[in-house]
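Residues in the sequence shown are numbered from 879 upward in steps of one, following this note's numbering.
All residues carry an ideal CB built from backbone N, CA and C; glycine is no exception.
No experiment lies behind these values; they were computed from the predicted model shown.
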Amino acid sequence: MKPNGWISLILSNRECVVLQFNNGVFMNQGFVLNEQKVLKVFGNHQIGAISYSEEQSIEVVEEGIVDLDHGSRFEGLILTEKEKEGKIGVPFGYGEMYDDDGILVYKGIMINWKRFGYGTSYHNNGCIEYEGYWCDDKRFGIGKVYDRYGKLVNECEWYNGIECDIEYEGNGSKPLNIGMKHLKLIDHCALVDWDVSLLYNLESIEIGNDCFRSVQTFKIDGLNRLKTIKIGQNSFTQQWNSWGDDKSKSFYILNCESLESIEIGDYSFSDFAGDFELKNLPQLQSIQIGIIGSRSGNFYSNSFAIRGIAVLLNI
C-alpha cells in the first residue's frame, strides 16, 4: 500500500497536486497545477539543465518555442534560467507538442517533456486519441480513449498508464491501484503496512481474518466516498484469540463524510490500548464490534471517543 514514484491527486476544481514518493516516503518534491499552468512548486528540482526550487518565483516562466534536434517542437510555457535571461529552457506549463512532421500530438500541461495534469493526445490523422489526466507522462486518473475515427472506445480510471479495475480482491501481493473503489483482502493477506490515505476513490474496505498483525496505528482519514468498513477476526493484533494492553497502538476513523457502517470481528484490535477515536462521520448508522453475548476481546483496554456523529442508529 506504499505509494512509489509520482502520484497525482485530482482536486474537485480540476487542480492537481503531484507528489513524488519513494516506497511510501514523500521526497519533498512536487507541483500544484491547473489546466493552464504550474501554480506552485514543492522542494528542489533539477528540471532539464535548470535547477528550480520553491523559493524561486514562477515569473521565470515565459511563452516560447523549444525545437528538438530531430525536428519535433513544443510551443507554450517555458521555464528559463533566471541568470541567463532569454535563454530557452524546458516545457513548464500549458502548450502544444508537435512531431517532426509538424503534426500536433499533444495539447496540455507538460513539465520537463513529460505530460502532467489534464491534457489531450492525438492520432496522427488529427483525431483525439485520449483526453484526461496524466502523471509522469502516463495516463493517470479519469480519461476517455477514442479510435482513429473519433469514436469513443472507453472511459475509465487509469493508474500509471494501466486501466484500473474498480475492484480488487486478493492477498495484496499484486500492486493496488489508486483508482480502485472496492478493496477486499483475503485471510492472511501478504501486506504488512496499513496506509490507504491515497486511495481516495474507495467506497468499501473488507479485510479478512489474521491480517496486519504488526500494525501499530490503524487510521482512515478523509476518504469521503467510503461507505463500509468490514474487518474479520484476529486482525490488527498480535494476541491471537486473546487480548493485551499496548498503549502505543491507536485506532482512528476520521472525516469520512459518506461512511455508513463499521463491522469488526472478534479479537481484532484486541491489544490496542492507545487512542480510539471516531470523529466527523455524519452518515454513520451502524457500529458492530465483536459478537453479541461473547467475550470478543476487541479494544480490551481502550476507552472510546465518538464525536461529530449525528445519525448513529445501532451500536
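Residues bridged to residue i by DSSP?
i            : result
residue 903  : 900
residue 1012 : 995, 1017
residue 970  : 989
residue 975  : 952, 984
residue 1171 : Its beta-bridge partners do not exist; DSSP assigns none.
residue 1066 : BP columns for residue 1066 are empty, so no partner.
residue 894  : 888, 911
residue 1040 : 1037
residue 1061 : 1046, 1083
Return the first residue and the last residue of the beta strand (DSSP E) that residue i is part of.
i            : result
residue 1082 : 1082 to 1085
residue 951  : 951 to 957
residue 1101 : Counting along the chain, residue 1101 falls outside any beta strand (DSSP E), and DSSP gives it neither H nor E.
residue 884  : 883 to 888
residue 922  : 922 to 925
residue 913  : Note, residue 913: premise wrong, no beta strand (DSSP E); not H, not E.
residue 945  : 939 to 945
residue 1139 : 1139 to 1142
residue 1121 : Per DSSP, residue 1121 belongs to no beta strand (DSSP E) and is neither H nor E.
residue 1155 : 1154 to 1157
residue 1166 : 1164 to 1167
residue 1034 : 1030 to 1037
residue 1108 : 1106 to 1109
residue 1128 : 1128 to 1132
residue 1027 : Per DSSP, residue 1027 belongs to no beta strand (DSSP E) and is neither H nor E.
residue 1145 : Note, residue 1145: premise wrong, no beta strand (DSSP E); not H, not E.
residue 1048 : 1045 to 1048
Please name the residue in the options whose C-alpha comes closest to that of residue i.
i            : options                : result
residue 1095 : 1102, 1046, 1149, 918  : 1149
residue 1015 : 1070, 980, 994, 1174   : 994
residue 1102 : 1159, 1118, 1035, 1180 : 1159
residue 1157 : 1007, 1182, 1116, 1172 : 1182
residue 1067 : 1078, 1075, 1091, 896  : 1091
residue 1007 : 1017, 1076, 1025       : 1025
residue 1125 : 1093, 887, 976         : 1093
residue 1097 : 917, 921, 1046, 1134   : 1134
residue 975  : 1123, 915, 943         : 943
residue 1001 : 1172, 1027, 1151       : 1027
residue 921  : 896, 1123, 1029        : 896
residue 1056 : 940, 996, 1045, 1049   : 1045
residue 923  : 946, 941, 898, 1036    : 898
residue 1117 : 1089, 1138, 1139       : 1089
residue 1019 : 892, 1036, 1030, 1029  : 1036
residue 894  : 1170, 1161, 1058, 1010 : 1010
residue 939  : 946, 969, 1164         : 969
residue 1084 : 919, 1114, 1070, 1060  : 1060
residue 1166 : 1141, 901, 1032, 1080  : 1141
residue 889  : 941, 996, 991          : 996
residue 988  : 916, 900, 1082         : 916
Using 8 Å for Cβ pairs, my map puts residue i next to residue j. What's the rounded Cβ distance?
i            : j            : result
residue 986  : residue 998  : 6 Å
residue 884  : residue 1013 : 5 Å
residue 972  : residue 914  : 5 Å
residue 1073 : residue 1087 : Not quite, the Cβ-Cβ distance comes to about 21 Å (not below 8 Å), so this is no contact.
residue 881  : residue 1076 : 5 Å
residue 1017 : residue 1048 : Their Cβ separation, rounded to whole angstroms, is 23 Å, which puts residue 1017 and residue 1048 out of contact at 8 Å.
Closest Cβ-Cβ distance between residue i and chain D: below 8 Å?
i           : result
residue 999 : Among the chains in the structure shown there is no chain D, since it carries only a single protein chain.
Margin query: Using 8 Å as the cut-off, can you tell me whether the segment 899 to 911 makes contact with the segment 945 to 954, which would need three or more C-beta pairs spanning the two stretches below that distance?
Written below: no
**contact_flag[the segment 1123 to 1130, the segment 1101 to 1112] where n(CB pairs < 8 Å) is 3 or more** = no
Is it the case that the segment 1160 to 1176 contacts the segment 1136 to 1146, given that we only count it when at least three CB pairs across the two stretches are under 8 Å? yes
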